[in-house]
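For reference, each letter of the sequence shown is one residue, going 3 to 413 in the numbering used here. Below: the structure, in structure tokens.
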Amino acid sequence: MNIDDIRNLRIEDFNYPLPDERIAKHPLADREQCKLLVYANHSVKGEYRFADLPGMLPQGSMLVYNNTRVINARLRFRKPNGGAWIEVFCLEPHEPRDYAQAFATVGKCSWLCFIGNAKRWKDGVLQMPLVIDGSQVMLVARRGERHGNAFIVNFEWNGDSVTFASILEAVGEIPIPPYLNRATEPSDSSDYQTVYSHIDGSVAAPTAGLHFTDKVLAECDSRGIRRRELTLHVGAGTFQPVKTETIGGHEMHTEFISVPRSLLVDLVENSAGPVIAVGTTSVRTLESLYYIGLTLLRNPEADEHELCIGQWMPYSESGDMPDTRTALQAIIDYLDRHGADSYIGSTQIMIAPGFRYRVIDGMITNFHQPQSTLLLLVSAFVDGDWRTIYDYALAHDFRFLSYGDATLLLH
């Protein structure tokens, strides 16, 4: 398929009926007891439990999962004198841009945010009194310039040792997906985090990882399945269905990624065995690496903007292409020249039918929304056979979306 054929794919061809009762509102009490559909060699192999996963993985596999942690991204302010409620949804840091610095900042910072009820807050400041470690703190928010559907919001607060991370922890809410059609509950604070999450930054969970328990991870270790981490901070764009008639009109969101040099070395030396990505975020990060390496092969000193993989780049390449090891080695060489132990950048990659997978051999993922970019990604991996998988899941009472059941997809 050429790039025009891919751009002209009709999103209605990736639709299916999803009754509300099939959308899981909460996870199972025992995460590892959710259903697991296994698809390999172009057919559904059957229905298992997620606890069975370690035994279903190919021998010598390496699991690569996203260690991002969901932040309490929703802040609710009340306008003065009992006025309207304004919801400020923190999407990504603006100043400072670095996530770790933004969370550690004291006194002030600014974020790109969605604003709920924005028409009622066109100017002026919003204030929120709160208590952190026994001290009275006043959080002040000022609305800045607009960026598409979002706004820059400038935050200021008192307290010599009060960080923005501690403010979010004290008064923010976990931003559960809108399709759950319910308010955030206290249980979501733990339910909507993976057991291995530890790098703050996402506004949505990498939900394929929600099924893992310490017991499942230990079983993976006992079977010689190695585990490696990377980071992709999931943005709110992951919830956005494709609203244009063809996918060419859809703009993918850009997301922060961080990949340890040690993982790149594993991939280059082929010591990894089959690479199984946990979740579509890990898939997008790993597959972006090939094109980052390709860019560096052509321009070893490319800057961060040139290294951000645009959504259509994989489909605009033609002719002789380097193999995956060569491309990934270019990233290692780049890190060594700069004395860095991780590659840090961003990606806007869109994976759709016609995409050639170059890094992964399998993935663990959930059942995704109709007409979503995540369903396009799955379709690309299973050579368009996604309906076989979803028809089976619908006929066998699988639970869908973030808190639902899982699939293991293998080539």
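Heads up, the beta-carbon is just placed ideally off N, CA and C, and yes, glycines get one too.
Please name the residue in the options whose C-alpha comes closest to that of residue i.
i           : options            : result
residue 104 : 89, 16, 66, 158    : 158
residue 392 : 48, 141, 206       : 48
residue 19  : 406, 402, 408      : 402
residue 168 : 141, 186, 190, 151 : 141
residue 311 : 281, 277, 324, 257 : 257
residue 75  : 326, 207, 252, 366 : 207
residue 64  : 128, 175, 269      : 269
residue 362 : 119, 88, 346, 326  : 326
residue 25  : 396, 286, 188, 410 : 396
residue 239 : 196, 281, 299, 374 : 374
residue 199 : 355, 87, 234, 52   : 234
residue 84  : 224, 128, 259, 314 : 128
residue 339 : 156, 304, 293, 34  : 304
residue 355 : 345, 324, 314      : 314
residue 27  : 81, 189, 343       : 189
residue 77  : 405, 253, 205, 280 : 205
residue 292 : 357, 172, 218, 243 : 357
residue 282 : 276, 15, 381       : 381
residue 237 : 400, 275, 259, 344 : 259
residue 203 : 184, 172, 68       : 68
residue 130 : 89, 150, 297       : 89
residue 172 : 139, 243, 301      : 139
residue 394 : 5, 162, 46, 176    : 46
residue 400 : 7, 40, 9, 4        : 40
residue 80  : 58, 111, 119       : 119
Measuring straight from C-alpha to C-alpha, what distance separates residue i and residue j?
i           : j           : result
residue 135 : residue 192 : 22 Å
residue 2   : residue 143 : The structure shown has nothing for residue 2, since the chain only spans 3 to 413.
residue 1   : residue 383 : Outside the displayed range of the chain (3 to 413) lies residue 1, so it cannot be described from this structure.
residue 413 : residue 289 : 15 Å
residue 61  : residue 388 : 25 Å
residue 349 : residue 245 : 21 Å
residue 51  : residue 35  : 5 Å
residue 133 : residue 147 : 29 Å
residue 187 : residue 166 : 23 Å
residue 307 : residue 100 : 15 Å
residue 267 : residue 299 : 17 Å
residue 29  : residue 404 : 8 Å
residue 107 : residue 170 : 12 Å
residue 390 : residue 87  : 45 Å
residue 194 : residue 114 : 22 Å
residue 117 : residue 73  : 17 Å
residue 277 : residue 321 : 26 Å
residue 227 : residue 253 : 37 Å
residue 409 : residue 153 : 37 Å
residue 351 : residue 102 : 24 Å
residue 70  : residue 197 : 11 Å
residue 137 : residue 317 : 55 Å
residue 98  : residue 174 : 20 Å
residue 279 : residue 156 : 37 Å
residue 93  : residue 342 : 27 Å
residue 359 : residue 353 : 9 Å
How should residue i be labelled, buried or exposed, when 16 other C-beta atoms within 10 angstroms of its C-beta is the threshold for buried?
i           : result
residue 145 : buried
residue 284 : buried
residue 123 : buried
residue 12  : exposed
residue 164 : buried
residue 109 : exposed
residue 329 : buried
residue 323 : exposed
residue 407 : buried
residue 37  : buried
residue 231 : buried
residue 82  : exposed
residue 286 : buried
residue 295 : buried
residue 95  : buried
residue 56  : buried
residue 364 : buried
residue 33  : buried
residue 1   : Lying outside 3 to 413, the shown extent of the chain, residue 1 is not represented and no answer is given.
residue 386 : exposed
Following a CB-centred definition, is residue i positioned closer than 6 Å to any heavy atom of the ligand COA?
i           : result
residue 156 : Although the ligand COA was asked about, the structure shown includes no ligands whatsoever.
Inset, instruction - Taking 8 Å as the threshold, find out whether the segment 173-188 comes into contact with the segment 210-230 through three or more Cβ pairs. - result: no
Inset, instruction - Could you name each continuous alpha helix (DSSP H) segment of 4 residues or more that falls completely within the segment 56-99, going from the start of the chain to the end? - result: Listed in chain order, there is nothing to give.
Inset, instruction - Decide yes or no for the touch test of the segment 256-264 against the segment 333-346: beta carbon pairs closer than 8 Å, at least 3 of them. - result: yes
Legend entry - Stretch pair the segment 16-31 + the segment 362-378: three plus CB contacts closer than 8 Å: These segments touch.
Legend entry - Sequence ranges, beta strand (DSSP E) only - wholly within the segment 245-311, length at least 3: 257-262, 277-280
Inset, instruction - Write down every uninterrupted run of the beta strand (DSSP E) in the segment 308-392 whose length is 3 residues or greater and which is fully enclosed by it, in chain order. - result: 344-349, 364-368
Legend entry - Runs of beta strand (DSSP E) wholly within the segment 131-173 (minimum 3 residues, chain order): 137-149, 152-159
Inset, instruction - Entirely within the segment 102-126 and at least 3 residues each: give me those beta strand (DSSP E) ranges in chain order. - result: 110-118
Inset, instruction - Could you name each continuous alpha helix (DSSP H) segment of 4 residues or more that falls completely within the segment 187-221, going from the start of the chain to the end? - result: 190-193
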